[in-house]
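Q: Next up is a structure, given as structure tokens.
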Amino acid sequence: MNTFPVSISLSSYGADLVRERGQASFIELLAKAGATRIELREELLTGEDPASFSQAVQQHDLECLYSSPMELWDAGQSRPNPQLLPTLQRAQAFGAKWLKVSLGYFTEHCDMRQLAACLEQQSVGLLVENDQTSQGGRIEPMQRFFDSVEQLHAPVSMTFDIGNWQWQDQSASTAARLLGRHVTYVHCKGVARRPDGKLIATPPTATDLQTWQQLMGHMPHGLPRAVEYPLQGNDLTWLTRQHVQVLSRLSHTQQEPSYV
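For the numbering used here, add 173 to where a residue sits in the sequence shown, where the first one is 1.
Structure, rendered in structure tokens:
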């Protein structure tokens with residue numbers, strides 16, 4: 174059976190624990206659990222040394238992706254967020270091959286040529302993710318943005334967050350059909366509604382796993398997929414390994430996914 178690369182978003186372990194331990198402390202855990210990629214979270218940094226982090230990632234033969242809550246386009250601005258370049262440089266310092274950001278306020282007045290020029294000499298790839306906001310979590314603006322990316326052959330691809338569409342009452346199936354060809358990275362999360370009405374990320378059910386396989390059928394085969402749902406337990410290495418094994422086997426050609 175073919176298996177595919179799995180990433181772990183460090184936010185999955187909970188903000189308090191990650192800040193307490195430091196993100197570098199999870200590198201060995203992920204390697205032991207069989208993950209391919211570590212997703213470093215900018216909002217959870219607590220003074221980690223970029224050079225030491227990068228070296229540790231290389232020593233454990235992991236890929237690194239740098240996730241920033243930055244929005245690519247600020248409201249009312251035609252030029253890309255001025256923080257893009259320093260954030261790309263920061264990602265590179267941590268040894269990341271990719272920077273993941275949110276779309277922000279993309280309009281027809283946004284200067285895509287300026288974005289392409291900014292990215293031209295960068296060694297870090299840019300991924301734009303659908304978030305949970307009205308400006309960056311709906312299909313229509315994402316589709317307009319990636320149509321522009323395609324026309325300019327700009328070096329930008331998509332992180333498709335399966336669960337985030339629900340925050341804006343969008344169809345993940347429709348999004349996958351319309352945007353799937355742009356996707357190079359998938360964020361996996363189940364979603365449940367609490368009694369107070371708030372949506373929260375959850376580990377997948379068997380039905381979720383089947384749905385994820387169907388969605389991946391609209392995307393390039395075998396692309397990296399990430400855990401971005403709670404991983405909480407006494408033995409985090411064992412728990413992480415179980416979820417890595419499940420996600421690594423997800424493929425739209427597979428009929429019956431295993432279930433944790």
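From the three backbone atoms N, C-alpha and C, an ideal C-beta is built for every residue, glycine too. Owing to the predicted nature of the structure, the values given are computational and were not obtained by experimental measurement.
If I measure Cβ to Cβ from Gly370 and keep anything under 7 Å in the same chain, skipping five residues before and after, which residues do I get?
A: Cβ within range, chain order: n/a, list empty.
Q: Is Leu202 near the ligand NAD, with its Cβ less than 7 Å from a heavy atom?
A: The model on display carries no ligand, and the ligand NAD is accordingly not part of it.
Q: Can you give me the C-alpha to C-alpha distance between Thr176 and His282, rounded to a whole angstrom?
A: Each residue's alpha carbon lies about 42 Å from the other.
Q: Helix, strand or coil for Ile200? Go by DSSP, reduced to three states.
A: Of the three classes helix, strand and coil, the one that applies to Ile200 here is helix, per DSSP.
Q: Alpha carbon to alpha carbon, how far is Leu235 from Arg422?
A: Going from the Cα of Leu235 to the Cα of Arg422 covers about 19 Å.
Q: Can you check which of these residues, Leu288, Leu272 and Ala365, is closest to Asp134 by C-alpha distance?
A: Within the shown structure, residues of the chain are numbered from 174 to 433, placing residue 134 beyond reach of any answer.
Q: Between the C-alpha atoms of Gln196 and Asp222, what's the straight-line distance to the nearest angstrom?
A: Rounded to whole angstroms, Gln196 to Asp222 spans 10 Å at the Cα level.
Q: Bridge partners of Ser330, per DSSP?
A: The partner list for Ser330 (beta bridge, DSSP) reads Leu300.
Q: Distance check for Pro403 and Pro259, CA to CA, integer angstroms please.
A: In a straight line, the C-alpha of Pro259 is about 30 Å away from that of Pro403.
Q: For the alpha helix (DSSP H) that Cys291 lies in, which residues bound it at each end?
A: Note, Cys291: alpha helix (DSSP H), Met285 to Leu292.
Q: Under 8 Å Cβ to Cβ from Leu409, same chain only, skipping five residues before and after it: list those, please.
A: Tyr186 and Leu202, listed in sequence order.
Q: Could you say if the segment 334–348 and the segment 299–306 meet the contact criterion of at least three C-beta pairs nearer than 8 Å?
A: Output reads yes: the segment 299–306 touches the segment 334–348.
Q: Quick check on Leu272: does DSSP put it in helix, strand or coil?
A: Strand, per DSSP.
Q: Runs of 4 residues minimum, wholly inside the segment 342–391: which ones carry the alpha helix (DSSP H) assignment?
A: 345–352 and 379–389, all fully within the segment 342–391.
Q: If we require 3 or more residues per run, which beta strand (DSSP E) segments fall completely within the segment 183–230?
A: Listed in chain order, they are 210–214.
Q: Tell me the DSSP secondary structure of Glu281 in three-state form.
A: Reduced to three states, the DSSP call for Glu281 is coil.
Q: Could you tell me the distance, in whole angstroms, from the CA atom of Phe199 to the CA atom of Cys237?
A: Each residue's alpha carbon lies about 12 Å from the other.
Q: Could you tell me the alpha carbon to alpha carbon distance between Ala204 and Leu420, rounded to whole angstroms?
A: Whole-angstrom Cα-Cα distance: 16 Å.
Q: For Trp411, report the span of its alpha helix (DSSP H) as first-last.
A: Residues Leu409 to Ser421.
Q: Give every residue of the same chain whose Cβ lies closer than 6 Å to the Cβ of Pro328, excluding the five residues on either side of it in the sequence, and list them in chain order.
A: So the qualifying residues of the chain are Leu292.
Q: By how many angstroms is the C-alpha of Ala188 removed from the C-alpha of Met331?
A: Taking the straight line from one Cα to the other gives about 25 Å.
Q: CB Phe318 to CB Phe279, shorter than 8 Å?
A: Yes.
Q: Can you give the Cα-Cα distance for Lys270 and Val322, rounded to whole angstroms?
A: Roughly 20 Å between the two C-alpha positions.
Q: Look at the alpha carbon of Gln256 and the alpha carbon of Arg214, and state the distance between them as a whole number of angstroms.
A: Each residue's Cα considered, the two are about 16 Å apart.
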